[in-house]
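For what it's worth, our numbering labels the leading residue of the sequence shown as 4, then goes sequentially. From the three backbone atoms N, C-alpha and C, an ideal C-beta is built for every residue, glycine too. In this text, all values refer to a predicted model and were calculated from it rather than measured experimentally. Just below is one structure, and these are the notes that go with it.
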Amino acid sequence: LLLLAFGIWGLLDKESLVSERIAHLGSDPMLFFVVVGVAVSTVSLAGCMGALYENTCLLKFFTGGVITFVLLEILGGYQDDPDLRFIMDEIQMGLQCCGVESYQDWKMNVYFNCSSPGVQACGVPASCCLDPLENGTIANSQCGFGALGMEEFAAQSIISLGGCAPQLGRWLHGHGGVLSAYFVFLILVEVGGLLLAAKLLSGTGRAAGDRSGALRAWLLPLLGDPLSALGAQSRRGDPRPSGEQWFLCRPISGLLWGGLALPSGGWKAL
């Protein structure tokens, strides 16, 4: 919607829709934003409506639209990004396809466009070729050169003419059960990891509480109840027992409070 609004604003601000300039509307770059905005909004709306009303046709349209957008993005950055090039090559070789809807889609790439000054002009990637190895052991990276300038009848003996979007859609439809099981397995593994972590934290907290309780049970018979003694002495008006210096201990894990009665002459406070 943002792209659509930006494109419409640009056309209106430049007055590209007036009768004198409408003939040059096709060359206005703002039209690109309008077209992309309309396409993305339509696909998104189809996905929302399909999920809301459980309409299989709209969901299939949404899936096909998303696949098309992804492939177009990969196709546009084919030579600029090695990762995108690897992904596109694997898709084209694995599905025996070329381009998004047809092999002519490679004209949108600046390197394979027929107006390009490079040696790849009017060509397609080697992954589009029917036999990249050409019965050899090393792939011929130039097997698709000039394919866009050939007649379709001549090109079909060298490269795959069909696009990858329909092929990929059919592949996903045929392997939907396997993919669903794989994603469910990943979700179960993640949930299991969270449950194990929560159980470990809970067990650690209980173990710390048990150790603190055991320490307190071991110290109380040896020291008595120092806080009770302090309370009794204060009620009698004596702030501390005679002959002893009392040191209050800080809490251990929030559970143990106590005190130590030390002889006044034998120990010195640090």
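Residue i, buried or exposed, once every other Cβ within 10 Å from all chains shown has been counted against 16
i	result
Ser-144	exposed
Phe-36	buried
Val-103	buried
Ile-162	buried
Phe-115	buried
Ala-8	exposed
Tyr-185	exposed
Gly-10	buried
Cys-100	buried
Gly-195	exposed
Ala-168	buried
Beta-carbon proximity list for residue i, same chain, < 6 Å, skipping 5 on both sides
i	result
Gly-68	Val-46
Ser-171	First, the amino acid is wrong: residue 171 is Leu here, not Ser. Closer than 6 Å at Cβ, skipping near neighbours: Ile-70.
Ala-158	Ala-150
Ala-49	Leu-61, Phe-64, Phe-65
Arg-88	Tyr-81
Asp-86	none
Ser-183	none
Nearest-angstrom Cβ-Cβ length linking residue i and residue j, presumed shorter than 8 Å
i	j	result
Cys-131	Gly-152	Not a contact, Cβ separation roughly 14 Å.
Leu-164	Ser-105	6 Å
Cβ shell of residue i (< 8 Å), same chain only, five flanking positions each side left out
i	result
Cys-117	Lys-110, Ala-124, Cys-125, Leu-151, Gly-152
Leu-98	Cys-167, Gln-170, Leu-171, Trp-174
Gln-95	Cys-101, Pro-128, Ser-130, Cys-131, Ser-163, Cys-167
Leu-198	none
Ile-90	Ile-77
Ser-160	Leu-133
Gly-121	Tyr-114
Glu-155	Leu-164
Cut-off 7 Å between Cβ atoms - residues of its own chain near residue i, not counting five sequence neighbours on either side
i	result
Pro-135	Ala-129, Ala-142, Asn-143, Cys-146
Gly-53	Leu-61, Leu-62, Phe-65
Asp-92	Pro-128, Ser-130
Glu-193	none
Ser-119	Val-113
Ala-42	none
> Between the stretch 74 to 84 and the stretch 44 to 63, do at least 3 Cβ pairs fall closer than 8 Å?
Replying inline: When Cβ pairs closer than 8 Å are counted between the two stretches, the stretch 74 to 84 is seen not to touch the stretch 44 to 63, the count staying below three.
> Fully enclosed by the stretch 111 to 199, which alpha helix (DSSP H) runs are 4 residues long or longer?
Replying inline: List check, alpha helix (DSSP H) in window: 155 to 158, 167 to 177.
> With a cut-off of 8 Å, do at least 3 Cβ pairs link the stretch 148 to 167 to the stretch 105 to 114?
Replying inline: Output reads yes: the stretch 105 to 114 touches the stretch 148 to 167.
> Which runs of the alpha helix (DSSP H) fall wholly inside the stretch 47 to 81 and span at least 4 residues, in chain order?
Replying inline: Secondary structure in the stretch 47 to 81: the alpha helix (DSSP H) runs of 4 residues or longer, each lying completely within the stretch, are 59 to 79 in chain order.
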